[in-house]
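Enquirer: Those protein sequences? They're chains A and B, same order as listed.
Under the numbering used here, residues 1 to 506 are what the first sequence spells out, in order.
Under the numbering used here, residues 1 to 335 are what the second sequence spells out, in order.
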Amino acid sequence: MNEAGVALLEARGITKIYPGVVALDGVDFEVNAGEVHCLAGENGAGKSTLIEILGGSYAKDAGTIRLAGREVEFASPRHAQEQGIAVLHQELPILPHLSVAENIFLGRQPRGGARAISYGEMNRQARRWLEMIQADVEPRALLGDLPISRQQLVSIAKALSLEARVIIFDEPSAVLTSSELKRLFQIIASLKSEGRGIVYISHRLEEIFEIGDRVTVLRNGKLVGTESIGKIDRATLIKMLVGREIDESEAATAGDTATREAPAPVLEVRGLSRRGVLADINLTLHKGEILGVYGLVGAGRTELARALIGADRVDAGEILLEGRKLNIASPRDAIRNGLCLAPEDRKTQGVFLEKSVQDNISLPSLKSLKGGLFLNYGKIARYAADFVSKLRIATPHLQQHVKYLSGGNQQKVVLAKWLGMKLKVFIFDEPTRGIDVGAKEEIRGLIKTLAREGKSIIMISSEIPEILGISDRVAVMHEGRIEAVLPRREATRERLMAYSMGAKSE
Amino acid sequence: MKLKASQVLADYGLYFVLLALVAISAILSPLFFSYINLANLLTQASFTGLLALGMTFVILMGGIDLSVGSMVGFASILYATVLHGALFTFMPEQIFIYQGAPKLTPILPLPLDILFVLAVGSLFGLLSGFLSHRFRVHSFIITLCIMIFTRGLAVSYTHGQPLFGMPDPVSYLAYGLPARIPMPTIIWLGSSLLCLLFLRYTRFGRGIYAVGGGEEAARLSGIQPAWYRIFPYIASGFFAALVGIMMSGRMGCGDPKIGQGWELDAIAAVVIGGTSLTGGKGSVGGTAVGVLIMGLIINIMNLLEIEAYPQAMAKGIIIIAALALHSLLARRRKG
């Protein structure tokens with residue numbers, strides 16, 4: 001399988017320089033046939049830049065890439081694909097209006113007579129590749145109609161159809177539930193046994209230890225090191241990742257000590273329903289309480305959050321705030337009444353990427369930042385600067401566009417947006433998804449501080465340790481229903497999993 | 001996959017609207033099904049139809065082409081000028097020919113004249129597409145400039161006067177009736193069929209959908225977007241020039257002022273036909289139906305002898321109603 005010690009893909013001294021920033025500084029990376037090589041590092045460490053270069057999207061400024069010992073230059077993604085390298089991007093670039101089969105064969109659709117595309121043949125071939133990974137996906141379905149996990153399977157089928165020898169997975173776990181991830185791991189294992197080289201990018205240590213053979217860590221564009229998984233432990237890896245030691249157990253125990261006995265309910269939800277999505281949701285949220293909401297993707301967690309703030313219409317049910325019935329028809333009504341949401345899709349719904357840090361933070365509070373009739377920009381700048389320092393948002397200046405901040409800092413901007421308003425209920429939908437270990441801790445810390453200040457919090461997360469670490473109570477959702485609400489001391493990993501998969505009885 | 005009534009309505013709603021309009025027209029006016037009326041309706045629709053066909057490519061790419069109306073006028077003038085062999089004299093005064101003058105024999109063979117004008121139309125399209133692609137400026141503004149420029153060029157070149165003296169074969173393009181079917185309709189439907197096959201059965205055609213639906217996704221799939229982004233404007237310029245030539249034949253002259261506002265009819269027809277303004281979604285068939293729906297609305301109002309200005313008001317309202325219906329049906333499909 002392995003051609004006498006020659007790596008399948010070998011990158012040496014890869015350097016990429018942007019104006020003012022060295023994104024990659026002489027990084028070495030290699031993948032052998034039949035190996036899963038994990039790539040880890042905090043956001044901004046250079047992982048994405050590296051895989052974009054390996055995938056032919058970006059040009060490198062220095063270094064060499066060898067495929068099975070032969071030096072190659074990738075001029076475009078297509079060129080890299082032809083050489084057998086497929087990249088499965090985290091935010092899967094899909095063409096929602098085209099069929100599954102067409103997304104797989106785009107630009108190389110099978111042709112029949114008169115060089116016309118043969119749809120029958122294309123669907124047949126697509127079905128064959130999908131069956132190879134046991135994906136139950138109809139080739140003729142529109143890709144945009146499928147859930148993201150199915151879309152991921154389609155991308156894998158596409159990589160297979162390209163006869164890819166090296167397949168690069170860019171943080172697939174960020175969009176998959178744990179059961180879907182298990183499936184993916186099985187598929188990766190079989191790809192590996194076929195002698196393909198796998199590059200797997202992840203923030204999650206468990207995954208790295210579960211499927212990796214080796215791990216390479218990048219920090220600030222530099223190579224920290226490459227280690228065999230068998231030879232290192234979690235603590236070593238964490239130290240490599242962040243460059244300092246973090247006590248992991250802190251996250252898991254902090255919530256324990258603070259089982260506050262909650263007084264009067266702040267938010268009450270009664271019989272909230274939305275046809276096909278939410279069924280008879282009943283919830284109570286107290287002052288200063290963090291209610292964790294756990295569930296698999298598709299269980300209706302995000303839909304619940306959206307229904308609570310009036311982003312989606314509901315068919316039945318009522319929402320009471322401090323005993324008063326609310327009439328929420330839009331997010332504006334929700335904000336007026338003291339509810340806000342930090343959405344799951346941070347980049348498109350949480351912040352304005354093309355706007356400055358200052359604009360983002362001040363936007364919801366502009367009303368209070370006027371001097372007379374007009375906006376007072378001095379006031380606005382002070383207001384924003386205040387939050388930047390309070391939340392320790394790492395930005396060179398207030399006018400920096402938010403798109404240039406790391407994921408963790410973007411999430412802090414989302415928080416800052418709402419903190420300045422007199423709100424009572426904060427809903428966080430996957431606030432730590434896709435951000436690095438250190439920033440995750442900071443975000444969780446901020447959420448806890450909020451609760452200590454008497455705000456009520458609903459925190460949606462797919463990570464069980466995170467939920468258990470932060471929540472006072474945990475609600476578990478399954479198929480649009482709340483299966484159980486457990487106090488912190490009764491909530492265990494096993495019970496959350498069981499309820500989330502629909503196991504009603506104890 | 002079960003076939004649900006609501007889904008059928010959403011997918012084929014447009015065709016039901018068309019059928020309903022035909023039925024209403026037939027009830028409102030006994031003249032509707034007369035040969036003359038139908039031939040007239042189809043001829044009118046054909047000109048909008050050809051412009052809308054080019055526009056479909058552009059809108060599929062997420063762009064818009066405002067220059068087609070002006071291009072009709074410019075092509076019409078250019079064509080008349082070329083026929084007179086006077087392109088490079090820059091003295092159109094010398095070739096003004098009064099109405100009723102004897103018809104000219106073109107100096108070049110006629111097909112070459114036609115090809116020349118089509119090529120110039122395509123070149124202007126290429127220019128729009130290239131500028132919009134190269135400088136990443138939305139085509140709305142680029143084609144607005146091209147629209148102003150070409151109209152100005154056409155009007156100033158002829159001092160706003162029409163150029164008369166079209167030879168017979170040109171009139172045939174506009175008035176011919178092979179097998180009792182108007183020639184413009186044959187050209188329109190033939191072109192539509194070709195474009196439909198092109199968009200559905202060639203890789204380039206599918207690439208237009210792909211790049212229009214998500215340029216980055218297409219790029220990562222190994223498609224180089226540049227030509228896909230430029231080509232639609234070439235197609236649009238080509239069809240606008242074709243309409244210009246046909247209009248010259250229809251009027252017996254080159255008219256620099258013809259085609260004003262036609263780009264808006266073409267855009268409306270494409271959108272009624274279900275092509276998404278954000279790109280990547282739509283079809284030539286839908287556009288053809290959209291054109292017929294627009295044509296029918298005008299036709300029935302003509303038959304009912306409604307005057308021009310109330311007609312314009314009704315047109316605006318009906319287009320919005322059609323779009324609202326479309327959006328409602330599409331939402332039902334999702335829900």
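Where is the CB? At the ideal position from N, CA and C, for every residue including glycine.
1. Please classify residue 131/A as buried or exposed, where buried requires at least 16 other C-beta atoms within 10 Å of its C-beta.
2. With a threshold of 7 angstroms on Cβ separation, who are the neighbours of residue 277/A within its own chain once the five nearest residues in sequence on each side are excluded?
3. The stretch 217-246 of chain B: which residues have C-beta closer than 9 angstroms to a C-beta of chain A, in chain order?
4. I want to verify the contact list: residues of chain B whose CB lies under 9 angstroms from the CB of residue 171/A, in sequence order.
5. Name the residue from 113/B, 126/B, 84/B whose alpha carbon lies nearest to the alpha carbon of residue 238/B.
6. Determine whether the Cβ of residue 309/B lies closer than 8 angstroms to any Cβ atom of chain A.
7. In three-state terms, what does DSSP make of residue 508/A?
8. According to a CB-to-CB cut-off of less than 9 angstroms, which residues of the stretch 183-207 of chain B neighbour chain A?
9. Note down, in chain order, every chain A residue with its Cβ under 7 angstroms from the Cβ of residue 210/B.
10. Kindly indicate the opening and closing residues of the alpha helix (DSSP H) around residue 408/A.
11. May I have the straight-line CA-CA distance separating residue 292/B from residue 151/B, to the nearest angstrom?
12. Tell me which residue opens and which closes the alpha helix (DSSP H) that residue 298/B is part of.
13. Can you pull the chain A neighbours of residue 341/B, defined as C-beta to C-beta under 8 angstroms?
14. Taking 8 angstroms as the threshold (C-beta atoms), are residue 464/A and residue 309/A in contact?
15. Please confirm if the stretch 397-406 of chain A is in contact with the stretch 310-325 of chain A, defined as three or more CB-CB distances below 8 angstroms between the two stretches.
16. With a floor of 3 residues, list each beta strand (DSSP E) that falls wholly inside the stretch 124-197 of chain A, ordered by position along the chain.
17. With DSSP collapsed to three states, give me the class of residue 208/B.
18. At least one CB of chain B closer than 8 angstroms to the CB of residue 81/A: is that the case?
19. Name the chain B residues that come within less than 9 angstroms of residue 116/A, Cβ to Cβ?
20. Measure the beta-carbon distance from residue 171/B to residue 63/B and round it to whole angstroms, keeping in mind my assumption that it falls under 8 angstroms.
21. Could you check whether residue 429/A and residue 342/A sit closer than 8 angstroms to each other, using their CB atoms as the reference points?
22. By Cβ distance, which residues of its chain are closer than 8 angstroms to residue 146/A, with the 5 residues on each side in sequence left out?
23. Return the bridge partner residues of residue 217/B from the DSSP annotation.
24. So for residue 66/A, helix, strand or coil by DSSP?
25. Of all the alpha helix (DSSP H) runs that stay within the bounds of the stretch 43-125 of chain A, which reach a length of 4 or more residues?
26. Which residues in chain A sit within 7 angstroms of residue 281/B, going by Cβ to Cβ distance?
27. Give me the chain B residues within the contact set of residue 89/A, using Cβ-Cβ distance strictly less than 8 angstroms, ordered along the chain.
28. Closest to residue 398/A by CA distance: which of 414/A, 488/A, 54/A, 355/A is it?
29. In the DSSP assignment, what are the bridge partners of residue 248/B?
30. Whole-angstrom Cβ separation of residue 459/A and residue 290/A, contact assumed at under 8 angstroms?
31. In the structure shown, what three-state DSSP assignment does residue 37/A receive?
32. For residue 1/A and residue 33/A, what's the separation of their Cα atoms in angstroms?
33. Along chain B, which residues have their Cβ under 9 angstroms away from the Cβ of residue 102/A?
34. Since residue 257/B contacts residue 73/B with CB under 8 angstroms, what's their CB separation in whole angstroms?
35. DSSP state of residue 325/A, grouped into three classes?
36. Closer than 8 angstroms by C-beta to residue 359/A: which residues in its own chain qualify, once you throw out the five before and the five after it? Chain order, please.
Expert: Quick look at the numbers:
1. Residue mapping note: residue 131/A aligns to position 131 of the first sequence, counting from 1. Exposed, by the Cβ-count rule.
2. Taking the first residue of the first sequence as 1, we reach residue 277/A at position 277. If the five residues before and after residue 277/A are omitted, its C-beta is found closer than 7 angstroms to the C-beta atoms of 300, 303, 480, all from its own chain and listed in chain order.
3. 217, 218, 219, 220, 221, 222, 223, 224
4. Walking along the first sequence from the start, residue 171/A turns up at place 171. What residue 171/A touches in chain B: nothing, since even the nearest Cβ is about 16 angstroms away.
5. Position 238 of the second sequence holds residue 238/B. The residue from 113/B, 126/B, 84/B with its alpha-carbon nearest to that of residue 238/B is 126/B.
6. On the second sequence, residue 309/B is found 309 positions in, with the first residue counted as 1. Residue 309/B does not count as touching chain A.
7. Absent from the structure is residue 508/A, since the part of chain A shown begins at 1 and ends at 506.
8. 197, 200, 201, 202, 203, 205, 206, 207
9. Locating residue 210/B in the second sequence gives position 210, where the first residue counts as 1. Below the 7 angstroms Cβ cutoff, chain A contributes 95, 98, 106 as neighbours of residue 210/B, in chain order.
10. In the first sequence, residue 408/A corresponds to position 408, counting from 1. Here the alpha helix (DSSP H) through residue 408/A covers 407-419.
11. Locating residue 292/B in the second sequence gives position 292, counting from the first residue. Locating residue 151/B in the second sequence gives position 151, counting from the first residue. A straight-line Cα-Cα distance of about 28 angstroms links residue 292/B and residue 151/B.
12. Taking the first residue of the second sequence as position 1, residue 298/B is located at position 298. Counting along the chain, the alpha helix (DSSP H) containing residue 298/B begins and ends at 284-303.
13. Absent from the model: residue 341/B. The displayed extent of chain B is 1 to 335, so no value can be given.
14. By 1-based counting over the first sequence, the position of residue 309/A is 309. By 1-based counting over the first sequence, the position of residue 464/A is 464. No, these two residues do not count as a Cβ contact at 8 angstroms.
15. They do not touch, by the three-pair rule.
16. 166-170
17. Numbered from its first residue, the second sequence carries residue 208/B at position 208. Residue 208/B: helix per DSSP, three-state reduction.
18. Along the first sequence, read from residue 1 onward, the residue named residue 81/A stands at position 81. With 8 angstroms as the cut-off, residue 81/A counts as an interface residue toward chain B.
19. Translated into the one-based positions of the first sequence, residue 116/A becomes position 116. Under the 9 angstroms cutoff, chain B gives 197, 200, 201, 202.
20. Here residue 171/B is taken as the residue at index 171 of the second sequence, counted from 1. Here residue 63/B is taken as the residue at index 63 of the second sequence, counted from 1. Incorrect: roughly 34 angstroms between the Cβ atoms, too far for contact.
21. Locating residue 342/A in the first sequence gives position 342, counting from the first residue. Locating residue 429/A in the first sequence gives position 429, counting from the first residue. Going by C-beta atoms, residue 342/A is nearer than 8 angstroms to residue 429/A.
22. Within the first sequence, the letter at position 146 stands for residue 146/A. These residues qualify, in order along the chain: 100, 137, 154.
23. Residue mapping note: residue 217/B aligns to position 217 of the second sequence, counting from 1. DSSP lists no partner for residue 217/B.
24. Here residue 66/A is taken as the residue at index 66 of the first sequence, counted from 1. In the structure shown, residue 66/A sits in a strand (DSSP, three-state: E or B).
25. 47-54, 77-82, 100-105
26. Locating residue 281/B in the second sequence gives position 281, where the first residue counts as 1. Ordered by position in chain A, the residues that pass the 7 angstroms Cβ test against residue 281/B are 97.
27. Here residue 89/A is taken as the residue at index 89 of the first sequence, counted from 1. Under the 8 angstroms cutoff, chain B gives 220.
28. Taking the first residue of the first sequence as position 1, residue 398/A is located at position 398. Looking at the Cα atoms, 355/A is the closest of the given residues.
29. Locating residue 248/B in the second sequence gives position 248, counting from the first residue. Answer is none; residue 248/B lacks a bridge partner.
30. On the first sequence, position 459 is the one that residue 459/A refers to. On the first sequence, position 290 is the one that residue 290/A refers to. So it is a contact: roughly 6 angstroms between Cβ atoms.
31. Residue mapping note: residue 37/A aligns to position 37 of the first sequence, counting from 1. If DSSP states are grouped into helix, strand and coil, residue 37/A belongs with the strands.
32. The sequence position of residue 1/A within the first sequence is 1, counting from 1. The sequence position of residue 33/A within the first sequence is 33, counting from 1. Per-residue confidence for residue 1/A stands at a pLDDT of 41, beneath the threshold of 50, marking its modelled position as unreliable; the derived number appears in the next sentence. Taking the straight line from one Cα to the other gives about 7 angstroms.
33. Working through the first sequence from its first residue, we reach residue 102/A at position 102. Residues of chain B passing the Cβ test: 206, 209, 210.
34. What you label residue 257/B is simply residue 257 of the second sequence in a count that begins at 1. What you label residue 73/B is simply residue 73 of the second sequence in a count that begins at 1. At roughly 6 angstroms, the Cβ-Cβ gap stays under 8 angstroms, so residue 257/B and residue 73/B are in contact.
35. Locating residue 325/A in the first sequence gives position 325, where the first residue counts as 1. Note: residue 325/A maps to strand in three-state DSSP.
36. Your numbering for residue 359/A matches position 359 in the first sequence. Here the set comprises 352.
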